Amino acid sequence: MADKNNLQKDDVENEAEKKEIKINPIKNGVVIDHISSGKALSVAKILNIEKYSNLVTIGLNLSSSKMGLKDCIKIEGRSLSNYELNKIAIIAPDATVSMIHEKKVEDKFKVKLPKEVKNAIKCNNPNCITKVQNVETRFNVEEDKSMCYFRCFYCERIYSVDEIELL
Ligand code: ZN
Numbered sequence: 025m026a027d028k029n030n031l032q033k034d035d036v037e038n039e040a041e042k043k044e045i046k047i048n049p050i051k052n053g054v055v056i057d058h059i060s061s062g063k064a065l066s067v068a069k070i071l072n073i074e075k076y077s078n079l080v081t082i083g084l085n086l087s088s089s090k091m092g093l094k095d096c097i098k099i100e101g102r103s104l105s106n107y108e109l110n111k112i113a114i115i116a117p118d119a120t121v122s123m124i125h126e127k128k129v130e131d132k133f134k135v136k137l138p139k140e141v142k143n144a145i146k147c148n149n150p151n152c153i154t155k156v157q158n159v160e161t162r163f164n165v166e167e168d169k170s171m172c173y174f175r176c177f178y179c180e181r182i183y184s185v186d187e188i189e190l191l
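Residue numbers (this note's numbering): 25 to 191.
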């Protein structure tokens, strides 16, 4: 029964997404959807959107059957690197990414946190070697009770999602 409900919810969500893509289409580019509500501007910052000159649509607090409220960003003429996808996964772990080609969804996937994140997170421990020497930061991603934590490879300080600062 629970599965059936979920399926129906997914169908409703997919229909809503299809409508939204039709109403406000981008021709070629990327749609980052299911961003946790309030995090779209952080995602925009990761992607340097303020310096971007093509069409960008940012939706805040859109209603979502899965998430209650969600944010969404559509960017014309842009793709995402693995480095950017990792950074998005850190702050918006439920985000889905759709690659749009000629107004059609060519590829759609959920972001995924790697086991290790390199050069994406700052370690704020003043005694950490990354503060003293010019070495790239490395963090191991750990999960506990469905919460994500980030442990500095060098000094082992642990950060929750809310504590981390992206580079
Ligand atoms: Zn450290």
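Here a beta-carbon is modelled for each residue, glycine too, at the ideal position from N, C-alpha and C. Predicted model only: the values in this text are computed from it and were never measured.
Report all residues from its chain with a CB closer than 6 Å to the CB of K98; omit the five preceding and five following residues, and keep chain order. I50, V55, T81
Rounded separation between V159 and A113 - CA only: 23 Å
Contact between the region 89-107 and the region 164-172: three or more CB pairs below 8 Å? no
Limits of the unbroken beta strand (DSSP E) element including N164: 162-168
If I measure Cβ to Cβ from R181 and keep anything under 6 Å in the same chain, skipping five residues before and after, which residues do I get? N149
Just mark H125 as buried or exposed, buried being the case when its beta carbon has 16 or more other beta carbons within 10 Å. exposed
Mind checking whether T154 and K142 have CB atoms under 9 Å apart? no
How is A26 classed by DSSP in three states: helix, strand or coil? In this prediction, A26 has a pLDDT of 48, which is less than 50 and means its spatial position is unreliable; what the coordinates show is noted afterwards. In this structure, A26 counts as helix in the three-state DSSP scheme.
State the DSSP-derived secondary structure class of V19, mapped to helix, strand or coil. With the chain running from 25 to 191 in the structure shown, residue 19 is simply not present.
Which residues in the same chain as L79 place their Cβ atom closer than 6 Å to its Cβ, once the five residues preceding and following it in sequence are excluded? E100
Per-residue DSSP class, three states only, for S61: coil
Return yes when the Cβ of V135 is within less than 9 Å of the Cβ of A119, no when it is not. yes
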